[in-house]
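Asker:
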Amino acid sequence: MEYNVGIIKGDCIGPEIVDEAMKVLDKVAEKFGHVFHYEQLLLGGASIDEYGVPLTDDTLKKAREKDAVLMGSIGGDTTTSPWYKLPADKRPEAGLLAIRKGLGLFANLRPAVLYEELKQACPLRDSIIGDGFDLMVMRELTGGLYFGERKTVTENGIRKAYDSLAYDENEIRRITIKGFETAMKRRKKVTSVDKANVLDSSRLWRKVVEEVAKDYPEVTLEHMLVDNCAMQLVRNPKQFDVILTENMFGDILSDEASMVTGSIGMLSSASMGEGKFGLYEPSHGSAPDIAGMNKANPIATILSAAMMLRYSFDLDQEADAVEAAVKEVLKQGLRTGDIMSEGKELIGTKEMGDAIAACI
């Protein structure tokens, strides 16, 4: 099979980590008989340097034409970079928000995986985490409180602020379908998180989720209030497979889930729209302090590439191979600086990419 992939290397450590992900993808192509056609696209600071804006219409147009886009990190040092002397809508991160909106990416998938080999990084005790856990937070990305009407007024000399939370059934249905489709590729369980005991938007959310669930009889559905879910993530994260939730709840819960793993350098993510198209990127930042030093951990970007194989291309066997290669390298004791521990072997960005590719 042949696939067209947009490549946004981004800023600071972005080019280094994307190069290693491409190295792994090339090994996958060689072993499984695929061809990946890459086209380099500019976004963020790299686009500002070249074109004066963080996202051009041409980049957005070319991204739409791809089967998927793989991206590194965007942005730089906010105190020293000239990018951050620009107006807010001209800074690197504005390009990231604009491309997500321009591509219609309404579903954010953020896995939180704790590998047995990295258990010492987890803040939870061993009796809770056992041999590790693997869950996915499916967050609605373009609706809810963050995109509702808002205003600040003064009434009778008192300042008052308003933020509105609104969802229509179509917005809920499309993210729910993504959640159940994702569960079908995993352990076939969806935990829908809401605040249905208080909010009308959550009561509608729950009704629509139950309607969609009828089309996926193989998937087990449970409902959980958001405050209980926050507690359960630290009490027993192993119980979760796919956590499906709205924008604000997902923002908070995905950050909590990533903290429980103890290592943001290992966390991949995807933003998806209708169909199979997705934008895949690591959850971590651009780490300008180590850029160009061969110190960055490329694993989150490599795992993002594995997500691309699984969710955009339906290449589950190939995605499994990449994830297994990451686990094997960790078993071998190879570590970049951010996940280094006593008795392990410290290696660089390129060496980590080489090692994972060799295990495919």
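The numbers in the sequence shown follow our numbering, run straight up by one, and end at 654. Yeah, the Cβ is synthetic: ideal placement off N, Cα and C, and Gly gets one too.
Counting only runs of 4+ residues fully inside the stretch 408-489, write out the alpha helix (DSSP H) ranges in chain order.
Answerer: 420-423 and 463-478
Asker: Using the three-state DSSP reduction, which class does S635 fall into: helix, strand or coil?
Answerer: On the sequence shown, position 341 is the one that residue 635 refers to. In the structure shown, S635 sits in coil (DSSP, three-state: anything other than H, G, I, E or B).
Asker: Decide if I452 is buried, meaning its Cβ has at least 16 other Cβ atoms within 10 Å, or exposed.
Answerer: One-based indexing of the sequence shown puts residue 452 at position 158. Under this definition I452 is an exposed residue.
Asker: Counting C-beta neighbours from all protein chains within 10 Å, is the total for P386 16 or more, i.e. buried, or is it exposed?
Answerer: Here residue 386 is taken as the residue at index 92 of the sequence shown, counted from 1. P386 comes out buried.
Asker: Just mark E310 as buried or exposed, buried being the case when its beta carbon has 16 or more other beta carbons within 10 Å.
Answerer: In the sequence shown, counting from the first residue as 1, residue 310 sits at position 16. By the 10 Å Cβ count, E310 comes out buried.
Asker: Are the stretch 358-376 and the stretch 297-315 touching, with three or more C-beta to C-beta distances below 8 angstroms?
Answerer: yes
Asker: Could you tell me whether the Cβ atoms of S580 and D313 are closer together than 7 angstroms?
Answerer: Counted from its first residue, the sequence shown places residue 580 at position 286. Counted from its first residue, the sequence shown places residue 313 at position 19. No.
Asker: What are the boundary residues of the alpha helix (DSSP H) that Q526 is part of?
Answerer: Locating residue 526 in the sequence shown gives position 232, counting from the first residue. Taken as a continuous stretch (DSSP letters only), the alpha helix (DSSP H) holding Q526 covers V520 to R529.
Asker: Counting only beta-carbon atoms, is V447 nearer than 7 angstroms to chain B?
Answerer: The structure shown contains no chain B; it holds only a single protein chain.
Asker: Pull the bridge partners of Q334 from the DSSP assignment, please.
Answerer: The sequence position of residue 334 within the sequence shown is 40, counting from 1. Answer is I301, bridged to Q334.
Asker: What first and last residue would you give for the beta strand (DSSP E) that runs through L573?
Answerer: One-based indexing of the sequence shown puts residue 573 at position 279. The continuous beta strand (DSSP E) containing L573 extends over residues G572 to P576.
Asker: Closer than 6 angstroms by C-beta to S495: which residues in its own chain qualify, once you throw out the five before and the five after it? Chain order, please.
Answerer: For the purposes of this step, residue 495 is taken as residue 201 along the sequence shown, with counting starting at 1. The residues are L459 and Y461.
Asker: Going by C-alpha to C-alpha distance, which of D488, A590 and N541 sits closest to G631?
Answerer: The residue labelled residue 631 in the question sits at position 337 within the sequence shown. Of D488, A590 and N541, the residue nearest in Cα terms is A590.
Asker: Out of F543, L418 and T446, state which residue places its alpha-carbon closest to the alpha-carbon of A524.
Answerer: Translated into the one-based positions of the sequence shown, residue 524 becomes position 230. The option with the nearest alpha carbon to A524 is F543.
Asker: Exposed or buried, what is G647 when buried is set at 16 or more other beta-carbons lying within 10 Å of its beta-carbon?
Answerer: What you label residue 647 is simply residue 353 of the sequence shown in a count that begins at 1. Buried, by the Cβ-count rule.
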